[in-house]
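Colleague:
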């Protein structure tokens, strides 16, 4: 399963530059703003309740940032970054430890532009999740989680406050699967299928 996800993620990352170069960029001037926008806000990440060998990874919220370059009025390329998310890890009803992670995500987006202030969009991208600062409550052991590559699916909407400022609602589903291991004083291992849903509220600026 992890190999299939990795192959799909590599395919998406290879197609994103091709998508960008096949679109034109000659229509921004008519809208009164440039081809770029940035957003900042708060995102809640809610891992799936069916977490493989891990019974549950608790939800958490963090500050997120994203930058979008609009190839034309409809097609954009977005990079998502965040301050670290922190999660407790539950196995067999017991808290075995906690970890922090960063989930940078590169996505291609399609915006359904219209004459209203609401601009809905969809996106598909590649996520890389890096785990760090792992600790375990099992005495004398060390908890390690492997990095994860996976696909990221996205829907959202921008609401224009004026020609530059906007409000944003963003919902994502990300494939995150990590092999975990505790060694040292206590030994255990398994697979954490985190596969979280992310819901973010942002304010943005177009320029």
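In the numbering used here, the protein residues as written are 13 to 219.
Note that CB positions come from ideal geometry on N, CA and C, so glycine has one too.
(1) Using a Cβ distance threshold of 8 Å, determine whether the stretch 170-181 contacts the stretch 136-143, with at least three qualifying pairs required.
(2) Once you ignore the five residues that flank residue 92 on each side, which residues in its own chain have a CB closer than 6 Å to its CB?
(3) Residue 60 and residue 205 look like a contact to me (Cβ under 8 Å); what is the Cβ gap, rounded to whole Å?
(4) Note the first and the last residue of the continuous beta strand (DSSP E) segment covering residue 139.
(5) To the nearest angstrom, how far is the alpha carbon of residue 54 from that of residue 187?
(6) Taking all protein chains shown into account, do 16 or more other C-beta atoms lie within 10 angstroms of the C-beta of residue 130, making it buried, or fewer, making it exposed?
(7) Count the other CB atoms within 10 Å of the CB of residue 190; is the residue buried (16 or more) or exposed (fewer)?
(8) If we call anything under 8 Å between Cβ atoms a contact, is residue 95 one with residue 212?
(9) At what residue ranges does the stretch 166-210 contain a whole run of the beta strand (DSSP E), taking only runs of 3 or more?
(10) Would residue 89 and residue 120 be called neighbours here (beta carbons separated by less than 8 Å)?
(11) In the structure shown, what three-state DSSP assignment does residue 70 receive?
(12) To the nearest whole angstrom, what separates the beta carbons of residue 195 and residue 158, a pair I think is in contact under 8 Å?
(13) CB-CB under 8 Å to residue 125, same chain, minus the five flanking residues each way: which ones, in chain order?
(14) Label residue 173 either buried or exposed according to how many other C-beta atoms from any shown protein chain fall within 10 Å of its C-beta, with 16 as the threshold for buried.
(15) In whole angstroms, give me the CA-to-CA distance for residue 166 and residue 71.
(16) Which same chain residues end up closer than 8 Å to residue 48 when comparing Cβ atoms and leaving out the 5 residues on each side of it in sequence?
(17) Rounding to the nearest angstrom, what Cα-Cα distance links residue 183 and residue 104 in this structure?
Modeller: Checking against the coordinates, here is how it stands:
(1) Verdict: no, contact absent.
(2) Same-chain partners within the cutoff: 78 and 117.
(3) With a Cβ gap of about 7 Å, residue 60 and residue 205 count as contacting.
(4) Where residue 139 is concerned, the enclosing beta strand (DSSP E) stretches over 130-148.
(5) The alpha-carbon atoms of residue 54 and residue 187 are separated by roughly 20 Å.
(6) Classification of residue 130: exposed, given that the 10 Å Cβ count is below 16.
(7) Buried: at least 16 other Cβ atoms inside 10 Å.
(8) Cβ atoms of residue 95 and residue 212: not closer than 8 Å.
(9) Segments of the beta strand (DSSP E) lying fully in the stretch 166-210: 177-186, 189-196 and 200-205.
(10) Yes, they are a contact pair.
(11) Coil.
(12) 14 Å between Cβ atoms; not a contact.
(13) Within the same chain, and ignoring the five residues on either side of residue 125 in sequence, the residues whose Cβ sits closer than 8 Å to its Cβ are 85, 86 and 131.
(14) Of the other Cβ atoms in all chains shown, fewer than 16 fall within 10 Å of the Cβ of residue 173; this residue is therefore exposed.
(15) For residue 166 and residue 71, the gap between their C-alpha atoms comes out near 19 Å.
(16) Apart from the 5 residues on each side of it in sequence, residue 48 sits with its Cβ closer than 8 Å to the Cβ of 79, 80, 81, 82, 218 and 219 in its chain, given in chain order.
(17) Near 30 Å, if we compare the C-alpha coordinates of residue 104 and residue 183.
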